[in-house]
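Engineer:
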Amino acid sequence: MFDDKSILITGGTGSFGRKYVKTLLDRYKPRRLIIYSRDELKQFEMQQEFNAAPMRYFIGDVRDGARLMQAMNGVDYVIHAAALKQVPAAEYNPMECIKTNVHGAENVIQAAIHNNVSRVIALSTDKAANPINLYGATKLCSDKLFVAANNMVGSAPTRFSVVRYGNVVGSRGSVVPFFQKLVRERAAHLPITHDEMTRFWITLQQGVDFVLQNFGRMYGGEIFVPKIPSIRITDLAESLAPGYPTRVVGIRPGEKLHEIMCPADDSHLTLEFDDHFVIRPTIKFTGADVDYGLNALGESGGPVDQGFEYNSGNNPWFLTVPQLATFNDMAEA
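According to the working numbering, the sequence shown is numbered sequentially starting from 551.
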């Protein structure tokens, strides 16, 4: 599917972008792999590792619509990974978060339609479901923009979908490297925000593979949600540093006790497949009558029960402490 194609990744120097590039180069023969991001130092560092013939590096910000228009010329597929993601930073700098996560999403959509890009997948987050913080609210807004974009394309071939998943093990800013750093520095304790807190847990490779699969599954307008395990924050601390002292420090601004990926309010739109869920669009697209219960790969799904909610607290799949240790080691491999 990606052989001899041009793929652009916004925010491509991040953890996801680097793993995505490695996977594409290992499995396919793309014509061009375009990294679009605003940090020239990170691009320089990435060029030292990824300098294959298809690689292209564009300095640019998703806030800059004209630059995106130029960068997407001749592009077949786009993965929109650029975002301001730190919850406390977004609470203190709301307008900056809105400029990148909302206005940036609009710019990606307009550039993709203008350049007749075939398919676009935007990366979302569990924090976009029933959001209580600004970051989650901007990502919900972004999700709505990408879904509705399928009704804005007119005669253009471009189709847009969203992938939503939880915390990525070991990604920049995640709790795993933070805890590991504290242990190395022999801190007095590991800070636990709440002893009942849970989170969804996914490796970078699993996230990349899920996005790759959904390029094949998508019709446009879906929000894809993988079935992944949950963890307890106390178990995570124990798996990383057995017996290490912990201290409950309280929930940070804008944080939830449990994260949601399929809200109960969307249960009438949610379909369950073998290894994932699909949240159908709330609106009907002009001239389109899509049966989302049978995806483009021929996989079939059915409706969930009314009031069904998929959250990290009610998830039937929890990793034990030994499983977490193995899972985290696998993520670092």
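Where a beta carbon is used, it is the ideal one built from N, C-alpha and C, also for glycine. Predicted model only: the values in this text are computed from it and were never measured.
Can you grab the Cα-Cα spacing for the pair M551 / Y794, in whole Å?
Structural biologist: By 1-based counting over the sequence shown, the position of residue 551 is 1. By 1-based counting over the sequence shown, the position of residue 794 is 244. M551 and Y794: Cα-Cα distance of roughly 47 Å.
Engineer: Check whether the Cβ atoms of E809 and A633 sit closer than 9 Å, and answer yes or no.
Structural biologist: What you label residue 809 is simply residue 259 of the sequence shown in a count that begins at 1. What you label residue 633 is simply residue 83 of the sequence shown in a count that begins at 1. No; because the gap between Cβ atoms is not below 9 Å, this pair is not in contact.
Engineer: Run through DSSP, which three-state label would I663 get?
Structural biologist: Taking the sequence shown and counting its residues from 1, one reaches residue 663 at position 113. Note: I663 maps to helix in three-state DSSP.
Engineer: Among Y586, N657 and R581, which residue has its Cα nearest to the Cα of A602?
Structural biologist: Position 52 of the sequence shown, counting from 1, holds the residue named residue 602. Checking every option, the nearest Cα to that of A602 belongs to R581.
Engineer: In three-state terms, what does DSSP make of F868?
Structural biologist: Residue 868 sits at position 318 when you count from the first residue of the sequence shown. Reduced to three states, the DSSP call for F868 is strand.
Engineer: Would a C-beta distance cut-off of 9 Å place G624 and S556 closer than the cut-off?
Structural biologist: The residue given as residue 624 occupies position 74 in the sequence shown. The residue given as residue 556 occupies position 6 in the sequence shown. Yes.
Engineer: Which residues in the same chain have their Cβ closer than 7 Å to the Cβ of T563, if we skip the five residues on either side of it in sequence?
Structural biologist: Here the question's residue 563 lines up with position 13 in the sequence shown. I585, S587, D589, K592, Q593 and M596.
Engineer: Is K806 near the ligand ADP, going by C-beta to nearest heavy atom under 8 Å?
Structural biologist: Because no ligand of any kind appears in the structure shown, any question about the ligand ADP cannot be addressed here.
Engineer: Counting only the same chain and skipping the five closest in sequence on each side, list residues whose C-beta sits under 6 Å from that of G771.
Structural biologist: Here residue 771 refers to the residue found at position 221 when the sequence shown is read from its first residue. So the qualifying residues of the chain are V697, N700 and P831.
Engineer: Does the stretch 602 to 612 touch the stretch 743 to 758, meaning 3 or more C-beta pairs lie closer than 8 Å?
Structural biologist: The stretch 743 to 758 vs the stretch 602 to 612: no contact.
Engineer: For W867, I'd like the list of residues in its chain whose CB is within less than 8 Å of its CB, leaving aside the five on either flank, ordered along the chain.
Structural biologist: For this step, residue 867 is matched to residue 317 along the sequence shown. For W867, where only same-chain residues beyond five positions count, the Cβ hits under 8 Å are K777, I778, P779 and S780.
Engineer: Rounded to whole angstroms, what's the CA-CA distance from H630 to A672? Just pull it up for me.
Structural biologist: Along the sequence shown, one-based indexing puts residue 630 at 80. Along the sequence shown, one-based indexing puts residue 672 at 122. Roughly 5 Å separates the two Cα atoms.
Engineer: Does the distance from the C-beta atom of P681 to that of R802 stay below 9 Å?
Structural biologist: Stepping through the sequence shown from its first residue, residue 681 is reached at position 131. Stepping through the sequence shown from its first residue, residue 802 is reached at position 252. No.
Engineer: Per DSSP, what are the beta-bridge partners of H826 in this structure?
Structural biologist: The sequence position of residue 826 within the sequence shown is 276, counting from 1. Its beta-bridge partners are P776.
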